[in-house]
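In the numbering used here, the protein residues as written are 25 to 311. Idealized CB from N, CA, C, for every residue including glycine. Bear in mind that the values here come from a model prediction, so they are computed numbers and not experimental data. Each remark here refers to the structure printed beneath this line.
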Amino acid sequence: MPVLPAIQRVPEMQAWSERVRRRGERIVMVPTMGFLHEGHLSLVRAGRERGDRLVVSIFANPTQFAPSEDFESYPRDLERDVRLLAAEGVDLLFNPAAEDMYPRGYQTYVDVEAVSRPLCGVHRPGHFRGVATVVLKLFNIVRPHVAVFGLKDYQQVQVIRRMLLDLNLDVEIVACATVREPDGVAMSSRNRYLGAAEREAAACLQSALGKAEALVRGGETSAAKVRDAVVAEIRRQPLARLEYADLCDPDDLEPVSEIRGSTLLALCAWVGKARLIDNRVLGGSQP
Ligand code: PAF
């Protein structure tokens with residue numbers, strides 16, 4: 025059985041990274057909140073090729089959940105996660121305690137302004153402030169040269185990229201394609217909330233993205249028309265409730281009315297207790 029060394033304490037993690045950096049080795053990091061699935065493992069595999077030491081963090085970050093959200097019930101299975109990461113040959117797990125990440129008196133947060141506001145930002149105020157804060161803290165603790173994220177959380181990737189630019193952080197971001205179930209449903213820890221019928225219904229996000237792509241390939245340039253088709257497709261599925269379907273610029277996430285060149289279609293729908301997001305870059309390639 026492969027073993028996975030783990031560090032919980034912040035100073036110990038910083039000391040480990042300092043030693044590795046002094047030897048001139050490159051550290052790659054994959055930040056996660058645990059309950060790992062193939063999507064996370066694809067990030068781990070992408071990370072493996074990009075440096076000498078591969079660190080995965082598991083930290084369910086309380087500051088990115090609103091009080092009404094699923095922080096307490098967010099799925100956790102550390103033993104299984106450790107087995108999966110050990111089998112992937114990960115060098116180190118960093119799984120700090122919440123009290124160490126946010127000790128008494130904690131009061132500093134990172135607010136990445138405009139790019140955090142649309143899409144999920146409208147419905148989860150404060151979410152990206154929590155994400156940017158914890159990612160910056162993780163970068164300061166693990167001090168990676170490279171960090172790997174998944175494009176299912178497209179807005180999160182853009183928020184982190186903007187934060188790195190604005191705060192002059194020297195971390196290379198690698199963004200990897202969404203990993204999907206055979207029926208096209210994007211892998212997500214929250215898929216675990218879905219019953220059998222809901223799991224089938226969840227495929228409507230992928231079919232709506234497909235409809236939009238077909239329209240744009242066929243020459244449609246009106247964002248409103250593409251959005252209408254997406255809304256109609258989601259409405260066909262009685263178990264799904266659309267939260268948003270927006271077309272925007274893939275870099276700054278500003279809304280667009282005409283599809284000229286690459287345009288991001290970002291979707292969010294509730295199916296049962298699961299809030300599902302998905303996206304596709306239309307008329308171009310993923311960044
Ligand atoms: O994508 C996630 O799992 C989280 O938002 C992240 C980046 C680990 C920050 O908590």
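Residue environment, D76, which counts as buried when at least 16 other CB atoms sit within 10 Å
exposed
Closer than 8 Å to a non-hydrogen atom of the ligand PAF - does that hold for the CB of D302?
no
| request: Work out the CA separation of P127 and P120 for me, nearest whole Å. | output: 12 Å
With DSSP as the reference, label G71 as helix, strand or coil.
helix
State the DSSP-derived secondary structure class of N164, mapped to helix, strand or coil. helix
Open item on the list: If you follow the alpha helix (DSSP H) that M317 is in, where does it begin and where does it stop?
Closed with: Nothing can be reported for residue 317, as the shown portion of the chain is limited to 25 through 311.
Top-ranked residue by Cα proximity to E96, from N85, Q131, A256: N85
Own chain residues within Cβ distance below 7 Å of R100, not counting five before or after: G58, F59, A84
task: For G305, I'd like the list of residues in its chain whose CB is within less than 6 Å of its CB, leaving aside the five on either flank, ordered along the chain.
output: In the sequence as displayed, the identity of residue 305 is Val instead of Gly. Within the same chain, V305 has close Cβ partners P274, S286, L288.
Contacting residues, own chain, Cβ-Cβ under 6 Å from R33 (five flanking each side not counted)
none
Going by beta-carbon coordinates alone, are T56 and R153 separated by less than 9 Å? no
Subject >> Cβ separation of T202 and G63, assumed to be a contact under 8 Å, to the nearest whole Å >> reply: 7 Å
Mind checking A138: buried by the 16 CB within 10 Å criterion, or exposed?
exposed
> Taking the C-alpha atoms as reference points, what is the distance between A293 and I301?
Replying inline: 7 Å
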